[in-house]
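Residue numbers (my numbering): 40 to 274. Note that the Cβ used here is the ideal one computed from N, Cα and C, for glycine as well. Encoded as structure tokens, the structure appears first; notes follow it.
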Amino acid sequence: MTSLLELRNVSAAYDRITVLSGVDLAVGAGEIVALLGPNGAGKTTTLNVAAGLHPAAGGEVRVGGRALAGTDPVELARRGVCLIPEGRGVFPNLTVRENLRMMTFAGVDRARVEEIAFTRFPKLARRQRQTAGTLSGGEQQMLALARGLAVDPAVLLMDELSMGLAPLVVAELYALVVEIARTGVAVLVVEQFASTVLGICDWAAVMVNGRIERVDVPGDDLAADLSALYMGSVK
Ligand code: ATP
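Below, the structure is given as structure tokens:
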């Protein structure tokens, strides 16, 4: 399978402090990969490097087989990389429609952006004029996903989708992520708490201290290991 996203021996640092070392990850079309690990392991940094927002100090990031160079967000959107950051990634004082309209920067026209969003997320269609800050947490995350999908990404990077949301809402969002992956999008999801994502990912990488310590398919062994790693915090 061709990898749409590939990190090869990637290292990264803040100032001179190395926080990622020798990170290898490859996500193919239609695949969902979970990047798990405790606080401060380097998960968000990995996503930011994959999205071109933080430079790799060494190694290489490849998108669609081509090395990623530069960090211009418009260029990244054109290359098909979409990052949904931790904490929703919506503008709370703008309405749903206005939040979507901003995504036309990538060259997709407004009608098309709205069509993509409202077809996949009918709940948002009913709340077009509502300010994003007054949506429920799950709806805000849907809006963040809708904004991401507006640019028709090949690679979708998501940071802590489940943060602060009830388990049922998280399950609903992950069901949508599965649908998105089925259209051929390569999905890399960061989660600190593994339970829901283990139900939908094809495989998981466990990061500790800036290194990938383990790569495995979801199952009892992996869950037990994660349990030990987080000292019982995997629910
Ligand atoms: P969490 O689950 O807590 O968000 P994480 O696994 O996503 O953690 P990162 O946010 O990637 O981890 O952080 C990795 C390391 O890099 C941490 O030690 C963190 O303190 C450090 N770090 C992150 N961002 C910066 C920054 N802007 N400047 C300096 N150090 C940073």
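Helix, strand or coil at residue i [DSSP, three-state]
i: R101; result: strand
i: Y269; result: coil
i: I56; result: strand
i: A225; result: strand
i: G76; result: coil
i: N132; result: coil
i: P253; result: The sequence as given places Arg at residue 253; Pro does not occur at that position. DSSP places R253 in strand when its eight states are reduced to three.
i: I239; result: coil
i: S50; result: strand
i: M202; result: coil
i: E45; result: strand
i: A193; result: coil
i: V147; result: coil
Residue environment, residue i, which counts as buried when at least 16 other CB atoms sit within 10 Å
i: F144; result: exposed
i: R165; result: exposed
i: E230; result: buried
i: I56; result: exposed
i: G271; result: Residue placement at G271 cannot be trusted, given a pLDDT of 42 that sits under 50; the coordinates are not used to answer.
i: D198; result: buried
i: G126; result: exposed
i: A116; result: buried
i: E153; result: buried
i: T41; result: exposed
i: P192; result: buried
i: T85; result: buried
Beta carbon of residue i nearer than 8 angstroms to that of residue j
i: L73; j: V194; result: Here residue 73 turns out to be Ala, not Leu, going by the sequence shown. No.
i: M181; j: F160; result: yes
i: A51; j: V58; result: yes
i: V247; j: L268; result: yes
i: V236; j: Y213; result: yes
i: R47; j: E99; result: yes
i: T170; j: L204; result: no
i: A90; j: V49; result: no
i: L196; j: L122; result: yes
i: K162; j: E178; result: yes
i: I251; j: V102; result: no
i: G249; j: A95; result: no
i: S266; j: F232; result: no
Beta-carbon separation (whole angstroms), residue i vs residue j, contact threshold 8 angstroms
i: D44; j: A225; result: According to the sequence provided, residue 44 is Leu. The question's Asp does not apply to it. So it is a contact: roughly 5 angstroms between Cβ atoms.
i: V147; j: V190; result: 6 angstroms
i: L139; j: A183; result: The pair is not a contact, with the Cβ atoms about 11 angstroms apart (cut-off 8 angstroms).
i: A210; j: G69; result: Their Cβ separation, rounded to whole angstroms, is 20 angstroms, which puts A210 and G69 out of contact at 8 angstroms.
i: V216; j: I239; result: 7 angstroms
i: W242; j: D259; result: Going by Cβ atoms, the distance from W242 to D259 rounds to 15 angstroms, so no, they are not a contact pair.
i: P131; j: G172; result: 3 angstroms
* Asked: In chain order, what residues have a CB nearer than 6 angstroms to some heavy atom of the ligand ATP?
  -> Y53, V58, G76, N78, G79, A80, G81, K82, T83, T84 and Q231
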